[in-house]
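Beneath this line is the structure, given in structure tokens, with notes to follow.
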Amino acid sequence: TKKLKMMMTLTSTHEAKQVRSNLCRLYLRVWYHTNSVIQMSMSMISIIGSFVFLSSALFQQGEALSVDGPSILSRRAAVSAALSSAALASASLAPSAANAATEEKPKRSFRRSPAIRFISALGDPKSSSGSGSETWGLWRDDPGPRGVYLKDYDRRLEANNNVAPAGWSFDPTDWWVEEHGLIMSTPEPLPRKSVNKETKEIIPEKQYVVTGDREITTVLTVRDDGTWELEKGSLFDVTHLPCRSAAYRGDTCAPMNANLKDFPVKPGAEMPVINGCAKQDYAVLFVLGEVV
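According to my numbering, the sequence shown is numbered sequentially starting from 13.
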């Protein structure tokens with residue numbers, strides 16, 4: 013009986029060891045295959061990243077890229093310290109299938125801007141077309157780093173005959189502020205005419221490649237009569253939400269009336285009211301270049 017019990021104990025112990033061994037082998041197999049999948053995924057990410065970087069490099073070099081092809085992969089350059097992380101936008105700039113079926117448009121090329129530019133736009137955020145582009149503006153350089161904080165207005169603008177350290181002039185009756193509380197230069201009127209490079213003919217419209225640095229990159233057409241339209245998406249879709257801007261106007265409008273606690277402004281939120289000022293919010297669009 014004792015011998016039988018001993019044999020049963022040994023058998024039980026052996027089976028337990030066998031089970032543990034099998035479990036260990038199973039765990040190792042699962043770990044190995046999981047690790048392989050992770051490594052493969054990382055390799056794919058690396059390959060895709062390399063492809064995106066190469067595409068970005070071509071874009072940055074100003075290669076003439078067709079905007080009527082299936083898609084364009086673009087990379088936004090760093091536009092300021094606050095927006096230092098590069099963003100990737102993949103979007104089709106081709107006409108819609110319905111339009112392509114009804115009319116065949118000539119092939120176009122994209123010309124990169126020397127630097128990211130910025131459009132200040134007014135319009136219904138849900139609309140893809142409208143009027144009033146004669147009131148839109150253009151910054152050819154990022155106005156943020158060239159700005160002056162509201163708290164420094166008296167010593168950096170007022171004390172310097174309303175000329176900023178960066179050289180732009182401040183208009184006390186019409187001035188612009190961005191989301192961090194920086195007084196910016198006033199944008200120039202948005203150009204709405206172009207020139208045919210072959211015939212030198214003046215064309216009463218101009219096309220920009222714009223993005224909100226989110227999902228959509230598309231062509232914006234603005235015309236001399238003030239009408240505008242997007243080939244894809246709405247005005248909201250091409251608005252860069254973290255960039256907020258507003259014009260503050262009026263004879264009693266002064267930077268020292270601003271409440272500094274209202275800044276910074278959250279992405280997508282309206283700019284704060286400043287006592288004595290008539291405020292007008294503007295959407296900010298990134299301009300990657302022009303269609304030529």
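Note that beta-carbon positions come from the ideal geometry of N, C-alpha and C, so glycine has one too.
Everything numeric in this text was worked out from a predicted model, so none of it was measured.
Going by DSSP in three states, residue i sits in which element: helix, strand or coil?
i	result
Pro-267	helix
Glu-7	No statement about residue 7 is possible, as the shown extent of the chain runs from 13 to 304 and does not include it.
Glu-146	helix
Ala-176	coil
Leu-272	helix
Leu-242	strand
Leu-202	coil
Ala-258	strand
His-45	Note on His-45: pLDDT 45, under 50, position unreliable in the model; no value is reported.
Which whole-angstrom value describes the C-beta separation of residue i and residue j, a residue pair presumed to lie in contact below a C-beta threshold of 8 angstroms?
i	j	result
Thr-233	Ala-295	Actually they do not touch by this definition, with Cβ atoms about 17 angstroms apart.
Tyr-132	Ser-257	In the sequence on display, residue 132 carries Ser and not Tyr. Contact holds; Cβ gap of about 6 angstroms.
Leu-300	Val-221	5 angstroms
Met-196	Gly-149	About 10 angstroms; that fails the 8 angstroms criterion.
Tyr-165	Pro-276	Their Cβ separation, rounded to whole angstroms, is 17 angstroms, which puts Tyr-165 and Pro-276 out of contact at 8 angstroms.
Taking the alpha helix (DSSP H) that residue i belongs to, which residues open and close that run?
i	result
Arg-168	165-168
In the DSSP assignment, what residue or residues form a beta bridge with residue i?
i	result
Lys-218	Val-234
Phe-130	Trp-151, Phe-298
Met-196	Trp-188
Ser-141	Glu-241
Thr-229	Thr-223
Val-285	Answer is none; Val-285 lacks a bridge partner.
Val-207	Ile-214
Val-160	Ile-195
Quick one: Cα of residue i to Cα of residue j, how far?
i	j	result
Pro-254	Pro-137	15 angstroms
Asp-225	Lys-209	30 angstroms
Trp-151	Arg-167	25 angstroms
Ala-290	Asp-263	10 angstroms
Ile-286	Lys-119	48 angstroms
Phe-248	Arg-129	18 angstroms
Tyr-260	Met-283	10 angstroms
Leu-85	Glu-170	Note that Leu-85 scores a pLDDT of 30, beneath 50, so its modelled location is shaky; the value from the coordinates is reported in the next line. If I take the Cα positions, the gap works out to 45 angstroms.
Ile-215	Gly-135	24 angstroms
Ser-206	Lys-273	43 angstroms
Leu-95	Glu-227	Confidence in Leu-95 is poor, its pLDDT being 35 and thus under 50, which makes the residue's placement unreliable; the coordinate value appears in the next sentence. Roughly 17 angstroms between the two C-alpha positions.
Thr-223	Phe-122	14 angstroms
Ser-140	Leu-162	34 angstroms
Thr-147	Asp-293	12 angstroms
Pro-279	Glu-200	24 angstroms
Thr-185	Cys-265	6 angstroms
Arg-235	Asp-153	23 angstroms
Asn-269	Glu-191	16 angstroms
Ala-281	Gly-193	14 angstroms
Glu-243	Glu-217	14 angstroms
How would you write the range of the beta strand (DSSP E) that residue i sits in, first residue to last?
i	result
Glu-302	290-303
Does residue i get closer than 9 angstroms to chain B when you measure Cβ to Cβ?
i	result
Val-207	Structure shown: chain B not included; a single protein chain is present.
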